[in-house]
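Input: a single structure, listed below in structure tokens.
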Amino acid sequence: MRLFKWIGSVLVSVFLMVTAVSAKEEGYCVEGKVLDEKGHPVQGASFTLYQYGAVMKEAVITNTKGEWKITELPAGDYVLSQESSPYGYEMMEKPLAISLQQDKTLVVDTIRNAHMEGSVRIWLQDEKGKAIAKMSLQVLDEQNQLCCQGETNQEGMFTAEHLFLGNYRLAIPDEHLYKENEEGLRFTMTSKNHKQIQNIYFHLQKKSGNASSSHDALYLFFGLCFIACGSIWWYLHYHGFQQLRKDFM
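According to the working numbering, the sequence shown is numbered sequentially starting from 1.
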């Protein structure tokens with residue numbers, strides 16, 4: 001009888017020891033954060049944790065602070081892979097190797113999800129397809145924030161660089177010279193434009209006031225020519241009359 005009690009107590013002790021060891025090994029934690037290129041948190045990035053090719057934890061999503069955390073892991077080697085990123089952001093280039101051996105909580109290096117960006121060549125032409133050179137312009141985002149500004153070259157081209165994905169529009173300070181076309185001076189940057197340069201053509205129409213100004217300038221030119229011719233005629237006529245008087249007198 002005593003033998004059975006002793007065996008029972010030994011089994012209970014072994015069970016408690018195994019339970020304690022298992023609980024100890026299941027208490028590992030790994031955490032980190034995701035930031036953009038300027039150090040701002042990236043919310044909504046999704047990760048999956050693998051061990052020997054098997055999924056250990058999936059749908060790990062960063063919070064508003066860009067933080068993520070996985071708890072109750074056994075000791076061992078893992079691989080953290082990013083499954084998705086918010087629209088307009090890049091994902092980390094390759095999976096991250098993680099080893100949980102000593103520290104109960106492992107804080108991994110910051111993961112960077114930079115904004116996707118691209119560049120555009122903006123070509124301005126008039127209604128006849130002629131380049132509009134030296135035209136000042138501004139590129140504004142959806143919040144009407146200035147992204148870049150400058151003027152077109154002799155070919156009517158201006159390059160806007162490092163534009164994030166989204167909708168943009170052109171603002172023309174010299175709007176008294178030209179008016180927008182029916183579609184408006186708008187364009188969109190998509191994931192297809194990431195690290196690419198696209199060409200965008202805009203056709204502007206001269207305002208009607210320009211034609212009247214041209215006519216006024218033409219009338220002024222002819223008026224000045226008429227006055228000049230009249231002055232020359234009067235000068236020659238007057239001096240010719242004086243010379244005639246001298247010849248006969």
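We treat Cβ as the ideally placed atom computed from N, Cα and C, and that holds for glycine.
- In the three-state scheme derived from DSSP, where H, G and I count as helix and E and B as strand, G230 is classed as helix.
- From the listed residues Q198, H194, R169, T190, the smallest Cα separation to G184 is found for R169.
- For D126, the uninterrupted beta strand (DSSP E) segment begins and ends at 117-126.
- Straight-line measurement puts the Cα of D77 at about 39 Å from the Cα of H162.
- Within the same chain, Cβ atoms closer than 8 Å to the Cβ of D36 are found at V42, Y89, R112, N113, A114, H115, the five residues on either side in sequence being excluded.
- Assigned with DSSP and collapsed to three states, N193 falls in helix.
- The region 123-134 makes contact with the region 152-161; the number of CB pairs closer than 8 Å reaches 3 or more.
- Take the alpha-carbon of G39 and the one of T110: they are about 10 Å apart.
- Each residue's CA atom was taken as its position, placing P86 and K128 some 43 Å apart.
- For D141, no beta strand (DSSP E) segment is defined, and its DSSP state is neither H nor E.
- For Y28, the enclosing beta strand (DSSP E) starts and ends at 28-35.
- Sorting N193, F187, H194, K206 by C-alpha distance to the C-alpha of I200 places F187 at the top.
- Around the beta carbon of K33, a 10 Å sphere encloses 16 or more other beta carbons of the protein chains shown; the residue is thus reported as buried.
- Taking all protein chains shown into account, G66 has 16 or more neighbouring C-beta atoms within 10 Å of its C-beta and is therefore buried.
- When C-alpha distances from Q102 are compared across S119, M92, L73, the shortest belongs to L73.
- Here G76 carries a strand assignment [DSSP, helix/strand/coil].
- Excluding residues up to 5 positions away in sequence, S136, L137, Q138, V139 lie with their Cβ nearer than 8 Å to the Cβ of Q149 in the same chain.
- Excluding the 5 residues flanking it on each side, H194 has same chain C-beta neighbours closer than 6 Å at M116, G118, in chain order.
- Of the residues assessed, V107 falls on the exposed side of the cut-off, its CB having fewer than 16 other CB atoms within 10 angstroms.
- Judged by DSSP in its simplified three-state form, G166 adopts strand.
- Among the bridge pairs identified by DSSP, N199 is matched with R121.
- Measuring C-alpha to C-alpha distances from D141 to each of N153, L165, K134 identifies L165 as the nearest.
- Counting only residues of its own chain and dropping the five nearest sequence neighbours on each side, Q198 has a CB closer than 6 Å to the CB of V120.
- Residue pairing by DSSP puts Y178 in a beta bridge opposite K206.
- Counting other Cβ atoms within 10 Å of its Cβ, Q82 reaches 16 or more and is therefore classed as buried.
- Beta-bridge annotation (DSSP): G150 is paired with L137.
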